[in-house]
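Shown next, in structure tokens, is the structure this report addresses.
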Amino acid sequence: MSGFIIPVKALSDVEYEPPYLYPDYRSTELRAPKHEPVRLPDEWFHDAPGPAFGRIPVRVEDADLTRQHRAEPLGERIVITGRVLDSDGQPVRNTLVEVWQANAAGRYLDPIDDHDAPLDPNFTGAGRCLTDDHGLYRFVTVKPGAYPWRNHLNAWRPAHVHFSLFGPSLSSRVVTQMYFPGDPLIPLDPILSSIADPRGRELLIARLDLDTTVPEWALGYRWDIVLRGRRATPAET
Amino acid sequence: MNSPTPSQTVGPFFGFALPFENDANAIEKVTRAPAGESRDAIRIEGQVLDGAGEAVPDALVEAFRGEQFARCRTDGEGAFHFTLHRPVASDGAPCFEITVFARGLLRHLHTRMYFSDEESANRADRVLQLVDESRRHTLVARQEGDILHFDVRLQGEGETVFFAP
């Protein structure tokens with residue numbers, strides 16, 4: 001042990017949010033506000049309750065994206081799991097986690113996706129679940145493919161899964177993307193590179209986890225999510 | 001270290017996955033009487049516009065207050081709509097929290113929609129008081145007949161006021 005006193009709270013407050021304006025991601029140029037946001041006291045955000053979700057019908061099968069059609073989708077079957085925690089490391093229980101992604105060929109079911117890659121009649125690519133008492137979520141899906149996106153010549157998105165979480169308060173709402181370890185497209189991607197600090201980018205990359213992997217069946221990836229805010233109470237009262 | 005997981009854009013391709021069916025209408029989903037809220041249904045319509053004044057056809061707009069939550073993907077004209085119960089004043093003037101996601105927004109934006117016929121409550125509202133008077137109008141919906149209009153200008157002239165902690 002060294003004699004240094006480490007200011008743990010100060011360290012844990014480090015944030016790695018991307019800026020609104022990031023010219024390498026061209027769509028930010030006309031959409032990033034020019035005005036600075038009006039700052040509200042931190043506690044107003046933390047005290048403001050987020051949306052109530054008691055009414056959302058989340059079914060068990062919504063968390064398995066490989067069993068939403070007559071047959072299984074093509075692609076590499078994977079499990080993605082992790083914990084949803086607050087800034088104090090406490091589990092965020094019973095909170096809605098929504099995911100969506102391209103299929104194994106790099107094509108979204110979305111009608112505005114015109115990428116010339118095949119749709120898979122057995123894959124929608126959307127799922128949802130609620131975290132359990134330990135803050136755990138778990139999805140079964142197929143690994144999404146990379147796809148081109150016209151941001152610049154020869155621009156390709158690394159494989160990713162979109163995540164949307166609500167958490168207990170206004171400040172905990174987040175929409176983000178999870179990436180896969182070792183993807184050679186990661187350093188070339190303006191959307192992930194908008195996070196200046198490599199430690200921040202690391203937070204969005206899952207790790208291959210043999211404990212999550214199901215032998216002879218599916219590779220497992222582990223990805224924990226930290227929502228902004230402290231002393232989160234269980235979402236349902 | 002418990003740094004919050006950073007945000008990334010919602011991208012353009014969320015429409016097939018979010019929102020749920022009939023998500024823009026919060027009225028039918030509130031199973032019990034919304035506590036402390038008016039029973040009057042209100043229709044809110046608006047448009048999301050970029051810094052060139054062009055419609056943003058791939059935005060997701062969420063509105064919530066208390067038990068009510070609604071979300072709507074913008075259409076080809078950047079238009080969105082909600083059907084909600086009118087909130088009553090609690091701590092401050094009645095309003096909806098509005099959250100905006102879009103392709104090109106690496107992080108979401110947070111704003112508020114207030115009501116034009118609540119002038120005295122709006123004047124006393126502690127959040128509105130933090131906003132420069134010349135920009136407060138961007139947070140107040142325009143009443144036209146039975147419809148409340150609330151546009152979100154992401155950038156440029158008449159830029160909507162956004163809030164952050």
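Protein chains in written order, with this note's numbering: chain A, 1 to 237; chain B, 1 to 165. Ideal Cβ positions, reconstructed from N, Cα and C, are used throughout, including at glycine. For clarity, every value in this text was computed on a predicted model and none was experimentally measured.
Same chain, Cβ closer than 6 Å to histidine 162 of chain A, neighbours up to 5 away in sequence not counted
Here the question's residue 162 of chain A lines up with position 162 in the first sequence. Only Trp100, Gln177 meet the Cβ criterion.
Report the three-state DSSP secondary structure of arginine 32 of chain B (helix, strand or coil).
Counting from 1 along the second sequence, the entry for residue 32 of chain B is found at position 32. Unreliable placement is indicated for arginine 32 of chain B, whose pLDDT of 47 sits below 50; the coordinate value is still reported in the next sentence. Coil.
Any Cβ of chain B within less than 9 Å of the Cβ of glutamate 216 of chain A?
Indexing the first sequence from 1 puts residue 216 of chain A at position 216. Not closer than 9 Å to any Cβ of chain B, the Cβ of glutamate 216 of chain A fails to qualify, so no.
Scan the segment 38 to 75 of chain A and note each continuous beta strand (DSSP E) run of 3 residues or more that stays entirely inside, going in chain order.
none
Which residues, in chain order, does the segment 85 to 101 of chain A contribute to contact with chain B at a C-beta distance below 9 Å?
Leu85, Asp86, Ser87, Asp88, Gly89, Glu98, Val99, Trp100, Gln101
6 Å Cβ shell around isoleucine 80 of chain A - same chain, five flanking residues per side excluded:
Within the first sequence, numbered from 1, the residue matching residue 80 of chain A stands at position 80. Answer for isoleucine 80 of chain A: Phe139, Tyr221, listed in chain order.
Assigned exposure category for glycine 145 of chain B - 16 Cβ within 10 Å defines buried:
Here residue 145 of chain B refers to the residue found at position 145 of the second sequence. Looking at its Cβ environment, which holds fewer than 16 other Cβ atoms inside 10 Å, glycine 145 of chain B is exposed.
Residue closest to serine 194 of chain A, alpha-carbon to alpha-carbon, out of A/Asp24, A/Leu74, A/Asp114:
For the purposes of this step, residue 194 of chain A is taken as residue 194 along the first sequence, with counting starting at 1. Nearest C-alpha to serine 194 of chain A: A/Asp24.
Does glutamine 68 of chain A get closer than 9 Å to chain B when you measure Cβ to Cβ?
The residue given as residue 68 of chain A occupies position 68 in the first sequence. It does not: the Cβ of glutamine 68 of chain A has no partner Cβ on chain B nearer than 9 Å.
Quick check: glutamate 76 of chain A and alanine 104 of chain A, are their CB atoms within less than 9 Å of each other?
If you number the first sequence from 1, residue 76 of chain A lands on position 76. If you number the first sequence from 1, residue 104 of chain A lands on position 104. In this structure, alanine 104 of chain A lies closer than 9 Å to glutamate 76 of chain A by Cβ.
What residue range does the alpha helix (DSSP H) around serine 193 of chain A cover?
Numbered from 1 along the first sequence, position 193 holds the residue referred to as residue 193 of chain A. From DSSP, the alpha helix (DSSP H) with serine 193 of chain A extends over 190 to 193.
For glutamate 36 of chain A, is the classification buried or exposed, using 16 other Cβ atoms within 10 angstroms of its Cβ as the cut-off for buried?
Start at 1 with the first residue of the first sequence, and residue 36 of chain A comes out as number 36. Looking at its Cβ environment, which holds fewer than 16 other Cβ atoms inside 10 Å, glutamate 36 of chain A is exposed.
Just to confirm the assignment: which complete beta strand (DSSP E) runs, minimum length 3, are found wholly within the segment 87 to 138 of chain B?
95 to 102, 109 to 115
Quick one, which of B/Gly104, B/Arg86, B/Ile147, B/Leu130 has its alpha-carbon nearest aspartate 50 of chain B's?
Along the second sequence, one-based indexing puts residue 50 of chain B at 50. Checking every option, the nearest Cα to that of aspartate 50 of chain B belongs to B/Gly104.
Check threonine 28 of chain A in the structure and name its three-state DSSP category.
Translated into positions along the first sequence, residue 28 of chain A becomes position 28. Threonine 28 of chain A: helix per DSSP, three-state reduction.
Residue ranges of each beta strand (DSSP E) run of no fewer than 3 residues wholly in the segment 137 to 210 of chain A, ordered along the chain?
Here the runs fully enclosed are 160 to 165, 174 to 179.
Determine the closest residue to alanine 117 of chain A out of A/Pro148, A/Leu130, A/Val142, with distance taken between C-alpha atoms.
Sequence index remark: in the first sequence, residue 117 of chain A carries index 117 (1-based). The shortest Cα separation from alanine 117 of chain A among A/Pro148, A/Leu130, A/Val142 belongs to A/Pro148.
Hey, how far is the Cα of tyrosine 114 of chain B from the Cα of leucine 188 of chain A?
Locating residue 114 of chain B in the second sequence gives position 114, counting from the first residue. Locating residue 188 of chain A in the first sequence gives position 188, counting from the first residue. Distance between the alpha carbons of tyrosine 114 of chain B and leucine 188 of chain A is about 42 Å.
Are alanine 196 of chain A and proline 18 of chain A closer than 9 Å when you measure CB to CB?
Sequence index remark: in the first sequence, residue 196 of chain A carries index 196 (1-based). Sequence index remark: in the first sequence, residue 18 of chain A carries index 18 (1-based). Yes, these two residues count as a Cβ contact at 9 Å.
Do you know how far the Cα of glutamate 15 of chain A is from the Cα of serine 164 of chain A?
For this step, residue 164 of chain A is matched to residue 164 along the first sequence. For this step, residue 15 of chain A is matched to residue 15 along the first sequence. Taking the straight line from one Cα to the other gives about 18 Å.
Is it the case that the segment 118 to 137 of chain A contacts the segment 56 to 72 of chain A, given that we only count it when at least three CB pairs across the two stretches are under 8 Å?
yes
Classification of glutamine 8 of chain B by the beta-carbon crowding that lies within 10 angstroms, buried from 16 upward
Here residue 8 of chain B refers to the residue found at position 8 when the second sequence is read from its first residue. With 16 or more other Cβ atoms within 10 Å, it is buried.
Given this structure, state the Cα-to-Cα distance separating histidine 81 of chain B from valine 61 of chain B, to the nearest angstrom.
Residue mapping note: residue 81 of chain B aligns to position 81 of the second sequence, counting from 1. Residue mapping note: residue 61 of chain B aligns to position 61 of the second sequence, counting from 1. Rounded to whole angstroms, histidine 81 of chain B to valine 61 of chain B spans 9 Å at the Cα level.
Opposing strand residues paired with arginine 93 of chain A [DSSP bridges]:
By 1-based counting over the first sequence, the position of residue 93 of chain A is 93. In DSSP, arginine 93 of chain A forms no bridge with anything.
Among A/Val226, A/Ile78, A/Trp217, A/Ser172, which one has its Cα closest to the Cα of leucine 203 of chain A?
As a first step, residue 203 of chain A is located in the first sequence; it is residue number 203 there, counting from the start. Considering only alpha carbons, the answer is A/Val226.
To the nearest angstrom, how far is it from the Cα of arginine 126 of chain B to the Cα of proline 41 of chain A?
On the second sequence, position 126 is the one that residue 126 of chain B refers to. On the first sequence, position 41 is the one that residue 41 of chain A refers to. Going from the Cα of arginine 126 of chain B to the Cα of proline 41 of chain A covers about 11 Å.
For glycine 106 of chain A, which of A/Arg157, A/Arg59, A/Thr131 has the nearest alpha-carbon?
As a working mapping, residue 106 of chain A is identified with position 106 in the first sequence. Per the Cα distances, A/Arg157.
Rounded to the nearest angstrom, what separates alanine 55 of chain B and isoleucine 98 of chain B at their Cα positions?
Start at 1 with the first residue of the second sequence, and residue 55 of chain B comes out as number 55. Start at 1 with the first residue of the second sequence, and residue 98 of chain B comes out as number 98. In a straight line, the C-alpha of alanine 55 of chain B is about 18 Å away from that of isoleucine 98 of chain B.
Taking only three categories from DSSP, how would you classify tyrosine 22 of chain A?
Walking along the first sequence from the start, residue 22 of chain A turns up at place 22. It is coil, neither helix nor strand.
Among residues of its own chain, excluding the 5 on either side of phenylalanine 101 of chain B, which ones have a beta-carbon nearer than 6 Å to its beta-carbon?
For the purposes of this step, residue 101 of chain B is identified with residue 101 of the second sequence, where counting begins at 1. Cβ within range, chain order: Val10, Leu60, His108.
Would you kindly work out how many angstroms separate the C-alpha atoms of proline 12 of chain B and aspartate 113 of chain A, rounded to a whole number?
Within the second sequence, residue 12 of chain B is the residue found at index 12, counting from 1. Within the first sequence, residue 113 of chain A is the residue found at index 113, counting from 1. If I take the Cα positions, the gap works out to 8 Å.
How big is the Cα-Cα spacing for leucine 130 of chain B and valine 38 of chain A?
The residue labelled residue 130 of chain B in the question sits at position 130 within the second sequence. The residue labelled residue 38 of chain A in the question sits at position 38 within the first sequence. Linking leucine 130 of chain B to valine 38 of chain A through their CA atoms gives a straight-line distance of about 7 Å.
Boundaries (first-last residue) of the beta strand (DSSP E) holding alanine 79 of chain B
Walking along the second sequence from the start, residue 79 of chain B turns up at place 79. Counted as a single uninterrupted DSSP element, the beta strand (DSSP E) harbouring alanine 79 of chain B occupies residues 79 to 85.
To which residues of the same chain is phenylalanine 180 of chain A closer than 8 Å at the C-beta, ignoring the five residues directly before and after it?
For the purposes of this step, residue 180 of chain A is taken as residue 180 along the first sequence, with counting starting at 1. Excluding residues within five positions, the ones whose Cβ falls inside 8 Å are Lys143, Pro158, Ala159, His160, Ile205, Ala206, Tyr221.
Per DSSP, what are the beta-bridge partners of isoleucine 112 of chain A in this structure?
One-based indexing of the first sequence puts residue 112 of chain A at position 112. DSSP, once it has assigned bridges, lists no residue as partnering isoleucine 112 of chain A.
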